[in-house]
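In my numbering, the protein residues as written are 1 to 189.
Think of the CB as a built atom: it goes at the ideal place given N, C-alpha and C, for glycine as much as any other residue.
These numbers come from a predicted model, not from an experiment.
All remarks here apply to the structure that follows.
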(Lines of atoms letter the chains of each structure in order from A; the text may use other names.)
(Lines give C-alpha, C1' and ligand atoms only; values in the text may rest on other atoms or scores of the structure.)
Protein backbone atom coordinates (compact mmCIF):
# COMPACT_ATOMS: atom_id res chain seq x y z
CA UNK A 1 0.00 0.00 0.00
CA UNK A 2 1.60 3.20 -1.17
CA UNK A 3 -0.90 6.05 -1.67
CA UNK A 4 1.76 8.76 -1.93
CA UNK A 5 3.87 6.79 -4.42
CA UNK A 6 0.83 5.99 -6.55
CA UNK A 7 -0.43 9.58 -6.45
CA UNK A 8 3.01 10.87 -7.50
CA UNK A 9 3.24 8.33 -10.34
CA UNK A 10 -0.18 9.02 -11.84
CA UNK A 11 0.28 12.77 -11.44
CA UNK A 12 3.72 12.70 -13.09
CA UNK A 13 2.17 10.72 -15.95
CA UNK A 14 -0.77 13.10 -16.25
CA UNK A 15 1.50 16.17 -16.33
CA UNK A 16 3.72 14.62 -19.02
CA UNK A 17 0.68 13.75 -21.16
CA UNK A 18 -0.61 17.29 -20.69
CA UNK A 19 2.73 18.72 -21.84
CA UNK A 20 2.73 16.44 -24.91
CA UNK A 21 -0.90 17.24 -25.75
CA UNK A 22 -0.21 20.97 -25.50
CA UNK A 23 2.68 20.55 -27.97
CA UNK A 24 0.24 18.91 -30.39
CA UNK A 25 -2.43 21.57 -29.85
CA UNK A 26 -5.01 19.40 -28.06
CA UNK A 27 -5.28 21.49 -24.92
CA UNK A 28 -8.61 20.30 -23.47
CA UNK A 29 -7.51 16.67 -23.74
CA UNK A 30 -4.24 17.51 -22.05
CA UNK A 31 -6.09 19.10 -19.14
CA UNK A 32 -8.65 16.31 -18.74
CA UNK A 33 -6.39 13.31 -19.47
CA UNK A 34 -6.83 10.35 -17.09
CA UNK A 35 -8.96 12.12 -14.49
CA UNK A 36 -10.63 8.76 -13.79
CA UNK A 37 -7.37 7.56 -12.20
CA UNK A 38 -8.20 9.77 -9.23
CA UNK A 39 -11.61 8.14 -8.65
CA UNK A 40 -11.92 5.50 -5.90
CA UNK A 41 -12.55 2.71 -8.44
CA UNK A 42 -9.10 3.21 -9.93
CA UNK A 43 -7.09 5.02 -7.27
CA UNK A 44 -7.64 2.52 -4.44
CA UNK A 45 -6.68 -0.43 -6.68
CA UNK A 46 -3.61 1.52 -7.82
CA UNK A 47 -2.59 2.07 -4.20
CA UNK A 48 -3.06 -1.60 -3.34
CA UNK A 49 -1.02 -2.90 -6.31
CA UNK A 50 1.49 -0.05 -6.60
CA UNK A 51 5.05 -1.03 -7.59
CA UNK A 52 6.38 2.14 -9.21
CA UNK A 53 8.00 0.57 -12.25
CA UNK A 54 4.93 -0.79 -14.05
CA UNK A 55 1.18 -0.40 -14.10
CA UNK A 56 -0.57 -1.62 -10.95
CA UNK A 57 -3.26 -2.96 -13.30
CA UNK A 58 -0.84 -5.70 -14.35
CA UNK A 59 -0.35 -6.81 -10.74
CA UNK A 60 -4.11 -6.81 -10.12
CA UNK A 61 -4.59 -8.81 -13.34
CA UNK A 62 -1.97 -11.35 -12.27
CA UNK A 63 -3.69 -11.87 -8.91
CA UNK A 64 -7.35 -11.86 -9.99
CA UNK A 65 -7.21 -12.80 -13.66
CA UNK A 66 -8.60 -9.38 -14.63
CA UNK A 67 -8.14 -5.76 -13.62
CA UNK A 68 -11.22 -3.96 -12.36
CA UNK A 69 -9.30 -0.67 -12.42
CA UNK A 70 -8.39 -1.17 -16.09
CA UNK A 71 -11.95 -2.12 -17.05
CA UNK A 72 -13.15 1.07 -15.36
CA UNK A 73 -10.40 3.15 -16.95
CA UNK A 74 -10.63 2.00 -20.55
CA UNK A 75 -14.40 2.40 -20.52
CA UNK A 76 -14.10 6.10 -19.67
CA UNK A 77 -11.04 7.25 -21.61
CA UNK A 78 -11.35 7.57 -25.36
CA UNK A 79 -7.60 7.72 -25.94
CA UNK A 80 -7.40 3.94 -25.40
CA UNK A 81 -8.09 1.85 -28.48
CA UNK A 82 -9.85 -0.64 -26.20
CA UNK A 83 -12.56 1.99 -25.61
CA UNK A 84 -13.41 1.68 -29.32
CA UNK A 85 -14.02 -2.10 -29.42
CA UNK A 86 -17.56 -2.82 -30.56
CA UNK A 87 -19.59 -5.15 -32.76
CA UNK A 88 -18.09 -4.93 -36.22
CA UNK A 89 -21.00 -4.59 -38.65
CA UNK A 90 -18.64 -3.99 -41.59
CA UNK A 91 -17.16 -7.50 -41.21
CA UNK A 92 -20.11 -9.77 -40.29
CA UNK A 93 -18.02 -12.92 -39.72
CA UNK A 94 -15.94 -11.11 -37.12
CA UNK A 95 -18.23 -10.34 -34.18
CA UNK A 96 -16.06 -7.78 -32.34
CA UNK A 97 -13.48 -5.41 -33.72
CA UNK A 98 -11.67 -2.16 -33.22
CA UNK A 99 -13.54 0.86 -34.52
CA UNK A 100 -11.79 3.78 -36.20
CA UNK A 101 -10.58 6.29 -33.62
CA UNK A 102 -10.99 10.03 -34.17
CA UNK A 103 -7.66 11.74 -34.88
CA UNK A 104 -7.58 13.80 -31.67
CA UNK A 105 -7.79 10.60 -29.59
CA UNK A 106 -5.07 8.90 -31.65
CA UNK A 107 -2.86 11.91 -30.88
CA UNK A 108 -3.70 11.65 -27.16
CA UNK A 109 -2.99 7.90 -27.27
CA UNK A 110 0.46 8.71 -28.68
CA UNK A 111 1.09 11.22 -25.87
CA UNK A 112 -0.11 8.63 -23.32
CA UNK A 113 2.25 5.94 -24.59
CA UNK A 114 5.26 8.25 -24.61
CA UNK A 115 4.51 9.49 -21.09
CA UNK A 116 3.99 5.96 -19.76
CA UNK A 117 7.36 4.91 -21.19
CA UNK A 118 9.04 7.88 -19.53
CA UNK A 119 7.43 7.26 -16.15
CA UNK A 120 8.04 3.51 -16.01
CA UNK A 121 11.54 3.62 -17.52
CA UNK A 122 12.52 6.47 -15.17
CA UNK A 123 15.98 7.80 -16.09
CA UNK A 124 16.59 5.14 -18.72
CA UNK A 125 13.95 6.35 -21.23
CA UNK A 126 14.92 6.76 -24.87
CA UNK A 127 12.80 7.82 -27.84
CA UNK A 128 12.93 4.17 -28.99
CA UNK A 129 11.06 2.77 -25.96
CA UNK A 130 7.43 3.55 -27.00
CA UNK A 131 7.82 1.82 -30.39
CA UNK A 132 9.63 -1.14 -28.82
CA UNK A 133 6.86 -1.57 -26.21
CA UNK A 134 4.12 -1.23 -28.84
CA UNK A 135 5.73 -3.78 -31.19
CA UNK A 136 6.13 -6.31 -28.35
CA UNK A 137 2.37 -6.35 -27.73
CA UNK A 138 0.78 -5.47 -31.07
CA UNK A 139 0.01 -9.06 -32.11
CA UNK A 140 -2.83 -9.27 -29.58
CA UNK A 141 -4.30 -5.77 -30.06
CA UNK A 142 -7.88 -5.48 -31.31
CA UNK A 143 -7.40 -2.13 -33.05
CA UNK A 144 -8.81 -0.71 -36.27
CA UNK A 145 -6.28 -1.17 -39.12
CA UNK A 146 -6.21 2.55 -39.97
CA UNK A 147 -5.75 3.55 -36.32
CA UNK A 148 -2.98 0.95 -35.99
CA UNK A 149 -1.25 2.24 -39.11
CA UNK A 150 -1.40 5.85 -37.88
CA UNK A 151 -0.11 5.03 -34.39
CA UNK A 152 2.76 2.95 -35.77
CA UNK A 153 3.65 5.73 -38.20
CA UNK A 154 3.88 8.28 -35.37
CA UNK A 155 5.88 5.92 -33.15
CA UNK A 156 8.33 5.42 -36.04
CA UNK A 157 8.68 9.18 -36.51
CA UNK A 158 9.39 9.44 -32.77
CA UNK A 159 11.87 6.55 -32.95
CA UNK A 160 13.79 8.05 -35.89
CA UNK A 161 13.44 11.81 -35.43
CA UNK A 162 12.47 12.50 -31.81
CA UNK A 163 9.58 14.15 -30.01
CA UNK A 164 9.81 17.61 -31.50
CA UNK A 165 9.45 16.35 -35.07
CA UNK A 166 6.79 13.82 -34.11
CA UNK A 167 4.62 16.35 -32.28
CA UNK A 168 5.12 18.93 -35.05
CA UNK A 169 3.91 16.43 -37.66
CA UNK A 170 0.87 15.44 -35.61
CA UNK A 171 -0.05 19.09 -34.94
CA UNK A 172 0.68 20.63 -38.34
CA UNK A 173 -0.22 17.78 -40.70
CA UNK A 174 -2.32 15.03 -39.11
CA UNK A 175 -4.65 17.05 -36.90
CA UNK A 176 -4.88 19.97 -39.35
CA UNK A 177 -5.88 17.58 -42.16
CA UNK A 178 -8.50 16.04 -39.87
CA UNK A 179 -10.02 19.45 -39.14
CA UNK A 180 -10.19 20.21 -42.88
CA UNK A 181 -11.90 16.87 -43.55
CA UNK A 182 -14.41 17.56 -40.77
CA UNK A 183 -15.25 20.99 -42.24
CA UNK A 184 -15.82 19.44 -45.69
CA UNK A 185 -18.21 16.85 -44.26
CA UNK A 186 -20.32 19.49 -42.54
CA UNK A 187 -22.45 19.13 -39.40
CA UNK A 188 -24.94 16.63 -40.81
CA UNK A 189 -22.60 14.15 -42.52
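Assigned secondary structure, residue i (DSSP; H/G/I helix, E/B strand, else coil)
| i | result |
| --- | --- |
| residue 75 | coil |
| residue 159 | helix |
| residue 123 | helix |
| residue 10 | helix |
| residue 96 | strand |
| residue 86 | strand |
| residue 174 | helix |
| residue 104 | helix |
| residue 68 | helix |
| residue 143 | coil |
| residue 30 | helix |
| residue 188 | With a pLDDT of only 45 at residue 188, under the threshold of 50, the placement of this residue in the model should not be trusted, and no figure is reported. |
| residue 223 | Look at the range of the chain in this structure, 1 to 189, and you will see that residue 223 is not part of it. |
| residue 5 | helix |
| residue 91 | coil |
| residue 179 | helix |
Supposed contact pair residue j and residue i - C-beta distance, whole angstroms, cut 8 Å
| i | j | result |
| --- | --- | --- |
| residue 151 | residue 109 | 6 Å |
| residue 141 | residue 81 | 7 Å |
| residue 83 | residue 75 | 7 Å |
| residue 48 | residue 1 | 6 Å |
Extent of the continuous alpha helix (DSSP H) run through residue i
| i | result |
| --- | --- |
| residue 45 | 40-48 |
| residue 64 | 56-64 |
| residue 129 | 129-137 |
| residue 35 | First-last for residue 35: undefined, no H or E at that position. |
Buried versus exposed, by CB contacts within 10 Å (16 or more), residue i
| i | result |
| --- | --- |
| residue 46 | buried |
| residue 181 | exposed |
| residue 58 | exposed |
| residue 38 | exposed |
| residue 164 | exposed |
| residue 60 | buried |
| residue 56 | buried |
| residue 18 | buried |
| residue 4 | exposed |
| residue 50 | buried |
| residue 147 | buried |
Check your understanding: For the 8 Å Cβ check, are there 3 or more pairs between the region 70-81 and the region 116-126?
Key -> Counting Cβ pairs under 8 Å, fewer than three are found: no touch.
Review point. Touch check for the region 129-143 and the region 28-39: three-plus C-beta pairs under 8 Å?
Key: Touching, no, given that fewer than three Cβ pairs across the two stretches are closer than 8 Å.
Exercise for review: Would you be able to state if there are at least three C-beta pairs under 8 Å between the region 89-109 and the region 167-176?
Suggested key: Short answer: they touch.
Point to revise | the region 87-99 touching the region 7-21, judged by at least three CB pairs closer than 8 Å | key: Short answer: they don't touch.
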